[in-house]
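Right, one structure below, let's go through it.
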Amino acid sequence: MEKGINLFQKRCNKIVDNKNRQCYIERVKDVINKITTKIYQKSLQSFDKTEKVKFRKSQSKKSKKNKLQCKEENFLGKERIMAKIAVVAANGKAAKKIITEAVNRGFEVTAFGRRAENDTDAKNYIQKDILDLTREDLKGYDAVVDAFGAWTAETLPLHSKTTQHLADILSGTDVRLLVVGGAGSLYVNPEHTIQVADGENFPEAFKPLAQAMAAALSELRERKDVQWTYISPAADFQAEGERSGKYILAGEEFTLNPAGESVISYADYAIAMVDEIESGKHIQERISVVRA
């Protein structure tokens, strides 16, 4: 059996990354059993009929369990894992960093933006407003990244409108919706009753934006029909910050790094976003990230 597993380990090293390697090995155990039939043939001959039946039942249960585990890890086949990504509102700075990160990792990325020209690293670019997107437009993708942003008083309600529009057209599908969120809605107490934006020192100029994004998140939490994930950045979200390649993954509460900072660059946030697309570990959850 060890020889069979080693054979598939070598093969999967060429196909999948470290995070999904074990899942792949488990997924193909039923295939390994066939390949290693000759290895076991002599030992199986010494089994009595009862032992053979027990052995086969055990292998069958393991195979079914492994298939379910791999399904939960978004295993989509031997050759592709979360291969197709759509990024909407793709002309923004955060969106571009996410696109670049995904493209550099070998994902097939399509960018949807309002501008006529493609100013992203995506090879596929479609000029289309987020509110004009249809269910058919996003059919066939494994994940959709919502990078919409609005800052003026008259456009702030669009945070909820655009998020709900995407949720509506992805409703009931396996396509994941990952939202570039805000830090203002992170909680600062264990009871989750006080948010960052409620603090006395929170800038008044940013409160309307924080409230609009918090409302969009609140509405998204009610969507049990959508495979959503909301990712909040640190309070100091730096567009031109360096790519350190390291971040701390946190949850609903405002988190500081060991240096006592709440900061992350767009580039490091993009790493966290693509990591979540790959892992699929936080379905219908809000998570947050801060520079390590």
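Here the sequence shown stands for residues 7 to 298, where the numbers follow this note's numbering.
The beta carbon of each residue, even a glycine, is placed where N, CA and C say it ideally should be.
Small disclaimer: the values here were computed from a predicted structure and weren't measured.
- In terms of CA proximity to R120, N97 leads the group I105, N97, N110, V150.
- Here the alpha carbons of D242 and V93 stand approximately 23 Å from one another.
- Between D127 and the set D138, V115, Q133, L137, the nearest pair of CA atoms involves V115.
- F212 sits in a helix when the DSSP states are folded into three classes.
- Shortest Cα-Cα distance from A265 to any of E246, L176, V296 involves V296.
- Looking at the DSSP output, S238 bridges to S294.
- Scanning its chain for C-beta atoms nearer than 6 Å, with the 5 sequence neighbours on each side dropped, one finds around Q233 the residues R182, I289, in chain order.
- Of all C-beta pairs linking the stretch 158-175 to the stretch 195-210, fewer than three are shorter than 8 Å, placing the two stretches out of contact.
- The C-alpha of D148 lies about 10 Å from the C-alpha of E284.
- Beta-bridge analysis with DSSP links E114 to K90.
- Between P239 and A298 the beta-carbon gap is near 14 Å, outside 8 Å, which marks them as no contact.
- Around the beta-carbon of D274, 16 or more other beta-carbon atoms lie within 10 Å, marking it buried.
- Secondary structure note for V280: its alpha helix (DSSP H) is the uninterrupted segment 272-285.
- Taking the C-beta atoms as reference points, I105 is found no nearer than 9 Å to V186.
- Cβ-Cβ distances below 6 Å link Y131 to A117, N124 in the same chain, with the five nearest sequence neighbours on each side left out; the list follows chain order.
- Here S166 is not near E246, since their CB atoms are 9 Å or more apart.
- Note: D143 is not bridge-paired with any residue in the DSSP secondary-structure output.
- Excluding residues up to 5 positions away in sequence, V94, F118, H171, L172, I175 lie with their Cβ nearer than 8 Å to the Cβ of L139 in the same chain.
- Rounded to the nearest angstrom, the Cβ distance from P214 to L162 is 6 Å, consistent with a contact under 8 Å.
- Distance from the CA of R141 to the CA of A221, rounded to the nearest whole angstrom, comes to 24 Å.
- For L255, the uninterrupted beta strand (DSSP E) segment begins and ends at 253-256.
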